[in-house]
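As given, the protein sequences belong to chains A and B, one line each in that order.
Each residue of the first sequence is one higher than the last, beginning at 29 in my numbering.
Each residue of the second sequence is one higher than the last, beginning at 5 in my numbering.
Contents: one structure, followed by commentary.
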Amino acid sequence: DAGITQSPRHKVTETGTPVTLRCHQTENHRYMYWYRQDPGHGLRLIHYSYGVKDTDKGEVSDGYSVSRSKTEDFLLTLESATSSQTSVYFCASGTGDFNQPQHFGDGTRLSIL
Amino acid sequence: GQNIDQPTEMTATEGAIVQINCTYQTSGFNGLFWYQQHAGEAPTFLSYNVLDGLEEKGRFSSFLSRSKGYSYLLLKELQMKDSASYLCAEFKGFKTIFGAGTRLFVKA
Numbered sequence: 029d030a031g032i033t034q035s036p037r038h039k040v041t042e043t044g045t046p047v048t049l050r051c052h053q054t055e056n057h058r059y060m061y062w063y064r065q066d067p068g069h070g071l072r073l074i075h076y077s078y079g080v081k082d083t084d085k086g087e088v089s090d091g092y093s094v095s096r097s098k099t100e101d102f103l104l105t106l107e108s109a110t111s112s113q114t115s116v117y118f119c120a121s122g123t124g125d126f127n128q129p130q131h132f133g134d135g136t137r138l139s140i141l
Numbered sequence: 005g006q007n008i009d010q011p012t013e014m015t016a017t018e019g020a021i022v023q024i025n026c027t028y029q030t031s032g033f034n035g036l037f038w039y040q041q042h043a044g045e046a047p048t049f050l051s052y053n054v055l056d057g058l059e060e061k062g063r064f065s066s067f068l069s070r071s072k073g074y075s076y077l078l079l080k081e082l083q084m085k086d087s088a089s090y091l092c093a094e095f096k097g098f099k100t101i102f103g104a105g106t107r108l109f110v111k112a
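Below, the structure written as structure tokens:
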């Protein structure tokens, strides 16, 4: 399995506060992804990265920003958290090749009160 | 997920066979993945299809028809531990688009 870890695993915070979620992978994968998972919606792509300092938006990027300063690290930031961003967040990494699956971290359960 | 359809829930009996269907958009198709996700855990890779036909991996098999935009996951000899969500996902370039998942309940 790809070594991919997320931190924190759980977080409760208040509306309006900034939140940063961290993802670290040890597989030297070029591509990294942030998803959110909500009941009835499945996994939805927030942002992804195709290299150091190279990022792009996914389908639900509003209210989120990302940064990738090193191959192994991909940060997701909620600049001013809202209750609609309460969700489970998954990070994933992959080679980007068509026949190679993504490998997922264990997820971060984020609650915004 | 974007234009990926699969049933929301299914129930089957231990020892039986269950087929989970998935339809997707055929434009820009590059491959079809199936993932398993137990409650509270990360998705894990099950199978991949890029050509038409059946791919068998032990108790799990996955089928693809590119012309119909259709795939299914077949689980044989169901076990209680197979109770999980099964995610159909389409590979588009270097991105993967996921369906909402099918929750499978296996009963004794």
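Don't be surprised by glycine CBs; every beta carbon is placed ideally from N, CA and C.
Determine the direct distance from the alpha carbon of residue j to that of residue i, and round the result to whole angstroms.
{"i": "B/Thr30", "j": "B/Lys80", "result": "28 Å"}
{"i": "B/Leu68", "j": "A/Ser108", "result": "43 Å"}
{"i": "A/Lys85", "j": "A/Tyr76", "result": "6 Å"}
{"i": "B/Asp9", "j": "B/Ile101", "result": "11 Å"}
{"i": "A/Lys98", "j": "A/Leu104", "result": "14 Å"}
{"i": "A/Thr54", "j": "B/Ser87", "result": "30 Å"}
{"i": "B/Leu108", "j": "B/Ala16", "result": "7 Å"}
{"i": "A/His116", "j": "B/Glu18", "result": "In the sequence as presented, His is not what sits at residue 116 of chain A; that position holds Val. Distance between the alpha carbons of A/Val116 and B/Glu18: 30 Å."}
{"i": "A/Val40", "j": "B/Gly44", "result": "17 Å"}
{"i": "A/Pro151", "j": "A/Phe102", "result": "Nothing about residue 151 of chain A can be read from this structure; chain A reaches only from 29 to 141."}
{"i": "B/Tyr28", "j": "B/Arg70", "result": "9 Å"}
{"i": "B/Pro11", "j": "B/Ala104", "result": "9 Å"}
{"i": "B/Gly5", "j": "B/Ala112", "result": "Because the pLDDT at B/Gly5 is just 46, under 50, the model does not fix this residue reliably, and the value given afterwards should be weighed accordingly. So the alpha carbons of these two residues sit roughly 31 Å apart."}
{"i": "B/Phe98", "j": "B/Asn53", "result": "16 Å"}
Taking Cβ-Cβ distances shorter than 8 Å, what residues in chain B pair up with residue i?
{"i": "A/Gly133", "result": "Ala46"}
Mind listing the chain A neighbours of residue i? Cutoff is C-beta to C-beta under 8 Å, in chain order.
{"i": "B/Asn34", "result": "Phe126"}
{"i": "B/Gly57", "result": "Residues of chain A passing the Cβ test: none, with the nearest at roughly 15 Å."}
Between residue i and residue j, is the Cβ-Cβ spacing less than 8 Å?
{"i": "A/Thr123", "j": "A/Tyr59", "result": "yes"}
{"i": "A/Gln65", "j": "A/Leu49", "result": "no"}
{"i": "B/Thr106", "j": "B/Ile21", "result": "no"}
Checking the sheet assignment: what are the DSSP bridge partners for residue i?
{"i": "A/Leu104", "result": "A/Leu49, A/Val94"}
{"i": "B/Met84", "result": "Per DSSP, none; premise fails for B/Met84."}
Using a Cβ cut-off of 7 Å, pull out every chain B residue sitting near residue i, in sequence order please.
{"i": "A/Pro129", "result": "Phe37, Phe49, Tyr52"}
{"i": "A/His69", "result": "Ala104"}
{"i": "A/Leu2", "result": "A question about residue 2 of chain A goes unanswered here, because the residues of chain A that appear run from 29 up to 141."}
{"i": "A/Phe102", "result": "Those within 7 Å of A/Phe102 in chain B number zero; the least Cβ separation is about 14 Å."}
Along chain A, in chain order, which residues have C-beta atoms closer than 9 Å to that of residue i?
{"i": "B/Phe98", "result": "Arg58, Tyr59, Tyr76, Tyr78, Gly122, Thr123, Gly124, Asp125, Phe126"}
{"i": "B/Leu91", "result": "Gly70, Leu71"}
Starting from the beta carbon of residue i, find every residue of chain A whose beta carbon is closer than 7 Å, and list them in chain order.
{"i": "B/Phe95", "result": "Phe126"}
_I want to know whether the stretch 80-95 of chain B touches the stretch 32-50 of chain B - three or more CB-CB distances under 8 Å._
yes
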